[in-house]
Every structure is written in C-alpha cells, then in structure tokens.
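Asker: Pasting a structure here, questions to come.
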Amino acid sequence: VQDFCLVPIGTGPDPSVAEYIAECQRVLERTGLKYKVWIDEPSSGYGTNLEGPWHEVTKAIHDCHAAVHAKGAPRIATDVRIGTRVDKQIISGEGNDHKVARVLEILARDDAPEAPAEPQATCCEIL
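According to full-length UniProt numbering, the sequence shown is numbered sequentially starting from 1.
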C-alpha cells in the first residue's frame with residue numbers, strides 16, 4: 001500500500017488545485033489499480049491510498065506527476081508513505097480494506113456491553 005499526497009505549486013492566481021488533482025485521478029483510473037482518494041472523507045487528511053505491486057504504484061505516481069506538469073503546474077511536492085508486508089499473502093487490492101475492517105472490528109468491541117465480572121478469590125483467603 002502506498003499513500004501519497006501530490007501538491008501542485010505555482011499554479012497561478014487561483015489557489016484551487018482541484019483541476020490538477022482531477023487530472024491525477026484520471027491517471028489512476030487508467031492504471032486499473034485500486035485507489036481511494038481521501039479528499040471526500042471528512043475525518044481524514046488529504047491524499048490517496050494506492051494498492052498494487054511496487055513497480056506499478058510507483059509508476060502511477062510518476063504518471064500523475066507527468067500529467068500534472070503537462071497541465072501546467074511548474075512544481076509539485078509529493079509526500080509518499082509505503083507499507084510492505086512479507087509475513088503473509090495479501091491479495092493485491094484487498095490489503096487496505098482488510099486493515100480498515102480490522103480496526104472497525106476492534107472499535108466495535110468498545111461499544112459491546114461488558115460481561116459481568118466473576119467473583120475473584122483473594123490470595124491467602126482463610127475460610
């Protein structure tokens with residue numbers, strides 16, 4: 001899983017970068033890789049999760065850079081976080097969904113009613 005945040009810089013008097021981010025999303029759509037753009041999630045930061053083989057996801061980020069430059073952005077700053085795992089088989093495109101589901105499962109236990117505590121004997125109790 002790669003998480004990246006691409007920020008066009010020097011795009012002119014309009015501070016909006018939406019046109020450039022839309023162009024990057026078009027690039028990602030053509031890759032066929034699974035991705036999630038986080039700008040539509042109110043509780044998260046800006047950025048995109050991208051899943052797939054290392055060389056394909058890094059090429060997709062490269063292609064986003066090329067497309068955004070071609071659209072007129074003279075500079076781009078991109079932060080990238082990469083997570084890899086070799087201790088178990090993960091089906092490409094399903095890793096992030098599983099991680100999110102696991103965290104939600106753990107949080108759901110917080111809302112579950114607690115079972116009544118069983119009485120505990122104390123050490124060295126004399127009967």
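Quick reminder that beta carbons are idealized off the backbone N, C-alpha and C, glycines included.
Secondary structure at R81, three-state DSSP: helix, strand or coil?
Answerer: strand
Asker: Within 10 angstroms of the Cβ of I106, are there 16 or more other Cβ atoms? Answer buried if so, exposed if not.
Answerer: exposed
Asker: Short check: CB of P8 to CB of A73, under 8 Å?
Answerer: yes
Asker: Do the region 6-26 and the region 73-89 meet, that is, are 3 or more Cβ pairs less than 8 Å apart?
Answerer: yes
Asker: Roughly how many whole angstroms lie between the Cα atoms of E19 and Q25?
Answerer: 10 Å
Asker: Answer with buried or exposed for G83, where buried requires no fewer than 16 other C-beta atoms within 10 angstroms of its C-beta.
Answerer: G83 comes out exposed.
Asker: Is V86 helix, strand or coil by DSSP?
Answerer: Secondary structure at V86: coil, using DSSP grouped into helix, strand and coil.
Asker: Quick check: what's the CA-CA separation for A60 versus P113?
Answerer: 46 Å
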